[in-house]
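Take 56 as the starting number for the sequence shown in the numbering used here and just add one per residue.
Glycine included, C-beta positions come from ideal geometry on N, C-alpha and C.
This one's a predicted model, so the numbers in the text were calculated from it and none came from an experiment.
The structure appears below as structure tokens.
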Amino acid sequence: MRAHQTAAATPAYSRRCILKTGAGGASVLFAGGCDLIMPDIAEARAPWEAAGESFGDPRLDALAYAVLAPNPHNRQPWTIELRGEDEILVRADPERLLPETDPFNRQIVIGFGCFHELLRQAAAERGFALDTDVFPEGDPQPLLDDRPIFHARFRRQADIQKDPLFGYALDRRTNRAPFADRPVDAEALNRLDAALRPEDGEFEWANDEANIAALKDICGRAWRIEANAEGPHGETTDVTRIGRREVVAAPDGISLYGRDIEAFRLGRVLTRDSLREIGSRAHREMVSFYERAIDTAAAFGWLTTDPNDRADQFRAGAGWVRLNLAATREGVAMHPLSQALQEFPEMAGPYAEVHDFVAAGKSACVQGLFRFGYAPPQPAAPRWPVRSRIIAA
Ligand SMILES: Cc1cc2nc3c(=O)[nH]c(=O)nc-3n(C[C@H](O)[C@H](O)[C@H](O)COP(=O)(O)O)c2cc1C
């Protein structure tokens, strides 16, 4: 483990109010005062309110939390079949994959691992254990197909152990705000590490200046490659929801909303076409928003597995959401920077660099790379309601 602590820096965070951040790998930021009226997207956030209600079926009660899982570009690629009285079968929706930015569906499978871990924790809260088979019909390789991702049976268990991390499920966020100029100390990062179980993958971190600078450099270059690569950038643009109406109509993907977004949308500065156009004002804003996010990293952490088969990707998802929940508990903001881990050809350089850097001499696959720091809490990202993800058997 790299565990060098930086000398204590004076907190020098200027209180800015982030009016809106999108979901997923890219967003547009227009910062301003805190007193502006936000367009209401409460409808798109309703699933966060619904979690905790009783749906009259313990499977739905637990699934209402699972659909709040972190997942790439917030595509929410799950389709859920309820079977009999106590079983569920979960598959990937082929329309919700990300073939450009995630050509081998590695990140999508991680999202399913996050989903399952929240499902497991929520079921335990209500006294149910899950008997889960991951990829019960075999590993879909090199691409996901219509075989199930997992099958789970809910089994009542009187003495089931509840997971203390579950208490943070509704406050967990992916935080893309600029982070304060305040170090994240080793104790906090070690407590994140302690939240992982042996099967969740290996977590390491760096909070010293030299390692932070090196990782910012790789992440910055990787981000510019993604933002300027036609296919990946086009895919991101396709799943971007611009303005309240689009966000509420399709509460997934990358959501851009807020007073200024509406103004830029109406002024035609921000449209899907302008965002798609590399070098346009909207595109430049997007690039610099994310560059600033990378630049304000106060620590980095990474989650690896060895090897990297489908089950490893799935278990890394459990590790991912456990880290995110533990960070929430610690008051530490967590933001994945996945660009350098993407497997499209233009990313080969940063992909090799990041693996050489953080997993030098090992054959491990870096499943997640995160920046950590301190930032104001962010609003919950849109979600489809749980019932809308249930398909007929
Ligand atoms: C495998 C994986 C990769 C992700 N990569 C990124 C990323 O590179 N940049 C980013 O801003 N968010 C990334 N995210 C976060 C998702 O965009 C986020 O989970 C989703 O938008 C929902 O938001 P929430 O986590 O706040 O609920 C990733 C999530 C997962 C599971």
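Just grab the DSSP bridge partners of residue i for me.
{"i": "Thr-292", "result": "The partner list for Thr-292 (beta bridge, DSSP) is empty, contrary to what the question assumes."}
{"i": "Trp-357", "result": "Glu-259 and Leu-424"}
{"i": "Val-145", "result": "Ile-135 and Phe-205"}
{"i": "Val-164", "result": "According to DSSP, Val-164 bridges with nothing at all."}
{"i": "Thr-156", "result": "Paired residue(s): none; Thr-156 is not in a bridge."}
{"i": "Phe-183", "result": "Arg-211"}
{"i": "Val-189", "result": "Phe-205"}
{"i": "Met-389", "result": "Phe-427"}
{"i": "Leu-311", "result": "Ile-297"}
Less than 8 Å separating the beta-carbons of residue i and residue j?
{"i": "Arg-237", "j": "Ala-348", "result": "no"}
{"i": "Pro-437", "j": "Asp-226", "result": "no"}
{"i": "His-206", "j": "Asp-188", "result": "yes"}
{"i": "Ala-121", "j": "Ala-177", "result": "yes"}
{"i": "Ala-430", "j": "Val-303", "result": "no"}
{"i": "Ile-333", "j": "Glu-136", "result": "no"}
{"i": "Tyr-312", "j": "Pro-94", "result": "yes"}
{"i": "Arg-161", "j": "Glu-398", "result": "yes"}
{"i": "Leu-330", "j": "Tyr-223", "result": "no"}
{"i": "Phe-234", "j": "Leu-358", "result": "no"}
{"i": "Arg-377", "j": "Asp-255", "result": "yes"}
{"i": "Val-413", "j": "Ala-119", "result": "no"}
{"i": "Glu-385", "j": "Ala-243", "result": "yes"}
{"i": "Phe-167", "j": "Gly-372", "result": "yes"}
Using only the alpha-carbon positions, how far apart do residue i and residue j sit?
{"i": "Thr-383", "j": "Phe-425", "result": "14 Å"}
{"i": "Pro-203", "j": "Asp-116", "result": "21 Å"}
{"i": "Ile-143", "j": "Arg-208", "result": "7 Å"}
{"i": "Gly-374", "j": "Ile-165", "result": "9 Å"}
{"i": "Leu-152", "j": "Ile-163", "result": "7 Å"}
{"i": "Arg-246", "j": "Asp-328", "result": "44 Å"}
{"i": "Ala-277", "j": "Thr-360", "result": "21 Å"}
{"i": "Ala-78", "j": "Trp-103", "result": "In this prediction, Ala-78 scores a pLDDT of 36, lower than 50, which makes its location untrustworthy; the coordinate-derived value is nonetheless stated afterwards. Each residue's Cα considered, the two are about 15 Å apart."}
{"i": "Asp-248", "j": "Trp-260", "result": "9 Å"}
{"i": "Ile-280", "j": "Cys-274", "result": "10 Å"}
{"i": "Arg-314", "j": "Pro-400", "result": "38 Å"}
{"i": "Arg-252", "j": "Ala-97", "result": "35 Å"}
{"i": "Ala-415", "j": "Gly-356", "result": "15 Å"}
{"i": "Arg-114", "j": "Arg-444", "result": "13 Å"}
{"i": "Arg-296", "j": "Asp-214", "result": "45 Å"}
{"i": "Pro-432", "j": "Asp-148", "result": "31 Å"}
With distances taken from CA atoms, which of the options is nearest residue i?
{"i": "Asp-112", "options": "Gly-139, Pro-102, Gly-428 and Pro-154", "result": "Gly-139"}
{"i": "Phe-221", "options": "Glu-281, Phe-234, Cys-169 and Ile-280", "result": "Cys-169"}
{"i": "Ala-435", "options": "Val-421, Arg-228 and Arg-276", "result": "Arg-228"}
{"i": "Met-341", "options": "Thr-291, Val-387 and Leu-378", "result": "Thr-291"}
{"i": "Arg-181", "options": "Phe-355, Thr-134, Gly-356 and Glu-108", "result": "Glu-108"}
{"i": "Asp-240", "options": "Phe-110, Val-387 and Gly-416", "result": "Val-387"}
{"i": "Leu-199", "options": "Pro-158, His-171 and Ala-213", "result": "Pro-158"}
{"i": "Arg-370", "options": "Ala-282, Cys-420 and Phe-355", "result": "Cys-420"}
- Message: So, does the segment 263-271 touch the segment 124-132, judging by three or more C-beta pairs under 8 Å?
- Response: no
- Query: Taking contact to mean at least 3 C-beta pairs separated by less than 8 Å, is the segment 191-199 in contact with the segment 349-367?
  - Reply: yes
- Are the segment 278-293 and the segment 394-408 in contact at 8 Å, needing three or more beta carbon pairs? yes
- Query: Is the segment 338-354 touching the segment 410-426, taking contact as three or more C-beta pairs under 8 Å?
  - Reply: yes
- Message: Tell me whether the segment 401-419 and the segment 316-334 touch, counting them as touching only if at least three CB pairs, one residue from each stretch, are closer than 8 Å.
- Response: no
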